[in-house]
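Numbering (mature numbering (1 follows the signal peptide of the UniProt record, and there is no 0)), first residue to last: -25 to -1, 1 to 405.
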């Protein structure tokens, strides 16, 4: 029998219910009070709540995917745009105290929106104010705050030197924090390797609020954060980059072919060069599917690996996809309207295209790149996820490096505070 339903306790039931409702009615107020208690150093200037007039503009500024900018998209209780590490430490401490999730955003390019969306109550730490880039030409290094975009990094290096560069991605608005955390490939990787291969130090805040560098965190954690994915082990505040030497002048050109000019054959013979090449009939099937869709852009982008990549062990960083007989396929479709029915059409189309490619790509597991995150590969539970469940998607991104990442996670964040739908689980969640 349910004792609270008894007529003897109507007042008690009403009192308990009312007290519970009042205590949880405004959780962001408790969080805000905690922030001010933890750090009163100008923190009120970097806090945005839904009642703030700038809340929507700050939230939307770095949303790069319209699918996660709708009225149905979960919104953060609070956005914190820290000016210094003390603000980040306060946000971490208060999120833990009040049971809130943290999402860390630099450029906002997460393909599944995990840097600014959560189904559980959450807070965004947006690093937009922490974007300083300090270049040391003499020592060929640079310190880059995690909120700096790749475009800002390249610009500041070019200001100082025409013969130094950093090998990373091509999109200038991608945040350096997340890009490097996922490995960071780009057009120069066959010459120099990944962005993560050129990280020589870091500043990171862990779940206990400690500021760690390479020496204090140890080589295991330093290994894990250079390709193991963002928002899993802590909040990266800044990277120390090793710059590479480049020619003062570089020639770039495009070769364009239409279907009538044998574009299919060009792709087959001049670009796709693997042990089991994609047959011409399969490439023709791709063209047919690309022409089926009424979208702004529908594309498959083939990126060749190998070169310098092949000289680096696949266990050197968590990013394992380095062999010279590999290329990466980037599936993409872009559309302008946010109509939910149209969005479902485009999403269904790209899933069918991905399925069509199954016979022609890597198997056991079918591999993927963590910076092109795909929740269709598998997800963690809302609570703790088992190692066995996470390994389904984890080995696709990291192959056997996934097991080492799990051991590092168990050591540095056993309570699994930093987590999302595809974060590395600790062994305690076995």
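All C-beta atoms in this analysis are idealised placements derived from N, C-alpha and C, irrespective of residue type, glycine included.
Pairing residue 56 with residue 85 gives a Cβ-Cβ distance that is not under 8 Å.
The criterion of a C-beta distance shorter than 8 Å is not satisfied by residue 81 and residue 126. The C-alpha of residue 109 lies about 8 Å from the C-alpha of residue 131.
For residue 286, the enclosing alpha helix (DSSP H) has its first and last residue at 283 to 286. The DSSP-derived three-state label of residue 259 is helix. The three-state reading of DSSP puts residue 7 in helix, counting H, G and I together. The beta strand (DSSP E) runs of length 3 or more contained entirely in the region 41 to 87 are, from start to end of the chain, 53 to 55 and 76 to 80.
A buried status is given to residue 154, since no fewer than 16 other beta-carbon atoms sit within 10 Å of its beta-carbon. Here the alpha carbon of residue 226 sits roughly 24 Å from the alpha carbon of residue 303. Relative to residue 288, the option among 256, 376, 356 and 352 whose CA is nearest is 376. For the set 139, 150, 184 and 279, the Cα lying nearest the Cα of residue 165 is the one of 279. Counting along the chain, no beta strand (DSSP E) covers residue 195; the unbroken alpha helix (DSSP H) around it starts and ends at 194 to 199. Minimum Cα-Cα distance from residue 268 among the listed residues 384, 307 and 258 corresponds to 307. Within its own chain, the residues whose Cβ lies closer than 6 Å to the Cβ of residue 203, once the five positions on either side in sequence are excluded, are 293 and 380, listed in chain order.
Counting only the Cα atoms, residue 275 lies some 13 Å from residue 253. With a contact defined as Cβ atoms closer than 8 Å, residue 35 and residue 27 miss out at about 13 Å. Membership of residue 178 in the beta strand (DSSP E) is indicated by the continuous run 174 to 180.
Under a 10 Å Cβ-count criterion, residue 312 is classified as exposed, with fewer than 16 other Cβ atoms of the shown protein chains found around its own Cβ.
C-alpha of residue 398 to C-alpha of residue 219: approximately 31 Å in a straight line.
6 is the residue among 329, 378, 6 and 216 whose C-alpha sits nearest the C-alpha of residue 77. Take the alpha-carbon of residue 105 and the one of residue 213: they are about 9 Å apart. By a beta-carbon distance limit of 8 Å, residue 205 contacts residue 79. Their separation comes to about 7 Å. Of the residues 123, 50 and 128, the one whose Cα lies closest to the Cα of residue 96 is 50.
Taken atom to atom, the span from the alpha-carbon of residue 122 to that of residue 215 is near 14 Å.
The beta-bridge partner set that DSSP reports for residue 369 is empty. Taking 8 Å as the cut-off, the Cβ atoms of residue 355 and residue 400 count as close. Assignment of residue 276 by DSSP, reduced to helix, strand and coil, places it in the strand class. When beta bridges are read from the DSSP output, residue 303 appears opposite 278. The C-alpha of residue 228 lies about 15 Å from the C-alpha of residue 145. DSSP places residue 33 inside the alpha helix (DSSP H), whose first and last residues are 30 to 36.
Beta-bridge pairing by DSSP links residue 94 to no other residue. Within the DSSP bridge table, the entry for residue 214 names 119 and 177 as partners. The three-state reading of DSSP puts residue 23 in strand, counting E and B together. In the three-state reduction of the DSSP assignment, residue 309 falls in the strand class. Taking the Cα positions, residue 157 is about 12 Å away from residue 149.
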